[in-house]
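Report on the structure given below.
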């Protein structure tokens, strides 16, 4: 069986699609308008209440500053305010360009049972407003088993996506749509549900798998979904991966690996998807932007390269070094865990904790890091 892999190295790629929301005049879809043929209320739950009461001991814990938040530590991590300052987002927010009236659709799989309360704690800690969070489970919800490593990693990814999308577009609504599994067909059905029912102006997909792992017919079927999204004015973003250009090459869907070599991840490689790469970000002690370099270290490397399945789109014509096939990524943002971000994630007893998000390096290309 070929496994899907969460592309978690790009911990901040949500910023890029969230920034699209800062310019609502470019959007043509109203994510709050749904077809009358489906009762979305039966599929959604709202953030009117919190799953777990705030734990006062936890409040004390996250009042203690993480070591990575200091400017003399390694690894380094940054608060929402620091990231806003570094990327000149704060002036937009000061002008009232906050994502109000727009909706971010985040597609993930499995679940994070404490996401509502964790997000609330994250907001309190960093001075953010409570968001309008709606969770959809169109295929049903897989029971959460914390001892299952795959589910635990997926839960942390959900928190990462939701908390940091909200940090950058604080007044945008967030729809979290959960697939019951990491299977290709389940993720396709979940993506189709999002697009058909206009659940977002912008779609985030923080997962990926080698292009050669699936059939051409599957790629064509999902490409048709992305064409529908384009027709509706919906932007789609996906991570370019976090293991550099080294990808397993499969002999076909469900077949064995025949080689390891240059390759890119799907769905970021689809020409109708904006593929987002990762950088290492350095700030001055004053929080001013210092420099960014391509992310490549022991924690992983930004994905990138040329597609084996898609021809070069016209918008990439004329670039130096352009291939005859689709090049990835299109854009890049901070993604190195050594210059990463904190998240709030509840521990085994339901206590929300402020932790540094750190990627794990795989032992081999189909290995344990975010492999599902």
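In the working numbering, the protein residues as written are 1 to 372. Heads up, the beta-carbon is just placed ideally off N, CA and C, and yes, glycines get one too.
Residue i in three-state terms, based on DSSP
| i | result |
| --- | --- |
| residue 80 | helix |
| residue 168 | helix |
| residue 330 | coil |
| residue 97 | coil |
| residue 220 | helix |
| residue 212 | helix |
| residue 57 | Interpretation of residue 57 is limited by its pLDDT of 43, a score under 50 that renders its predicted location unreliable; no figure is taken from the coordinates. |
| residue 162 | helix |
| residue 238 | strand |
| residue 314 | helix |
| residue 150 | helix |
Beta-ladder partner(s) of residue i, from DSSP
| i | result |
| --- | --- |
| residue 354 | 344 |
| residue 262 | 246 |
| residue 289 | 283 |
| residue 112 | Note: residue 112 sits in no beta bridge, so no partner. |
| residue 296 | 301 |
| residue 325 | 311 |
| residue 142 | In the DSSP output, where bridge partners are listed per residue, residue 142 has none listed. |
| residue 70 | BP columns for residue 70 are empty, so no partner. |
Cβ neighbours of residue i in the same chain (closer than 8 Å, five flanking residues each side left out)
| i | result |
| --- | --- |
| residue 306 | 262, 264, 323, 325, 326, 327 and 328 |
| residue 246 | 260, 261, 262, 263 and 365 |
| residue 140 | 180 |
| residue 338 | 74, 75, 76, 280, 297 and 299 |
| residue 223 | 270 and 272 |
| residue 192 | 225 |
| residue 31 | Unreliable positioning characterises residue 31 in this predicted model, as indicated by a pLDDT of 37, which lies under 50. A coordinate reading is not provided. |
| residue 320 | none |
Where the alpha helix (DSSP H) through residue i begins and ends
| i | result |
| --- | --- |
| residue 91 | 90 to 94 |
| residue 117 | 115 to 126 |
| residue 194 | 184 to 196 |
Contacting residues, own chain, Cβ-Cβ under 6 Å from residue i (five flanking each side not counted)
| i | result |
| --- | --- |
| residue 171 | 98, 99 and 100 |
| residue 292 | 279 and 281 |
| residue 84 | 90 |
| residue 228 | 195 |
Cβ-Cβ separation, residue j to residue i (assumed contact under 8 Å), whole Å
| i | j | result |
| --- | --- | --- |
| residue 71 | residue 285 | 5 Å |
| residue 297 | residue 242 | No, residue 297 and residue 242 are not in contact; Cβ-Cβ is about 11 Å, not under 8 Å. |
| residue 268 | residue 275 | 3 Å |
| residue 250 | residue 221 | 18 Å between Cβ atoms; not a contact. |
| residue 240 | residue 303 | 4 Å |
| residue 157 | residue 206 | 6 Å |
| residue 186 | residue 159 | That belief does not hold up - the Cβ atoms of residue 186 and residue 159 are roughly 21 Å apart, past 8 Å. |
| residue 208 | residue 266 | 6 Å |
Residue range of the beta strand (DSSP E) that includes residue i
| i | result |
| --- | --- |
| residue 310 | 305 to 311 |
| residue 275 | 274 to 283 |
| residue 233 | That residue, residue 233, is in no beta strand (DSSP E); it is neither H nor E in DSSP. |
| residue 173 | 173 to 179 |
| residue 108 | 103 to 109 |
| residue 133 | 133 to 136 |
| residue 204 | 202 to 205 |
7 Å Cβ shell around residue i - same chain, five flanking residues per side excluded
| i | result |
| --- | --- |
| residue 151 | 110, 144 and 145 |
| residue 355 | 342, 343 and 345 |
| residue 194 | 105, 107, 177, 200 and 203 |
| residue 130 | 120 and 123 |
| residue 313 | 271 and 326 |
| residue 289 | 86 and 283 |
| residue 27 | Low confidence applies here, because residue 27 scores a pLDDT of 39, under 50, leaving its location unreliable; read the following figure in that light. Closer than 7 Å at the Cβ level, and outside the excluded window around residue 27, lie 102, 201 and 233. |
| residue 66 | 77, 342, 354 and 356 |
| residue 38 | Any reading at residue 38 must be qualified, since the residue scores a pLDDT of 47, below 50, and its modelled position is unreliable; no value is offered. |
| residue 226 | 236, 270, 272 and 273 |
| residue 79 | 69 and 126 |
| residue 294 | 279 and 302 |
Cβ of residue i within 9 Å of any chain C Cβ
| i | result |
| --- | --- |
| residue 178 | Given the protein chain composition of this structure (a single chain), no chain C is represented. |
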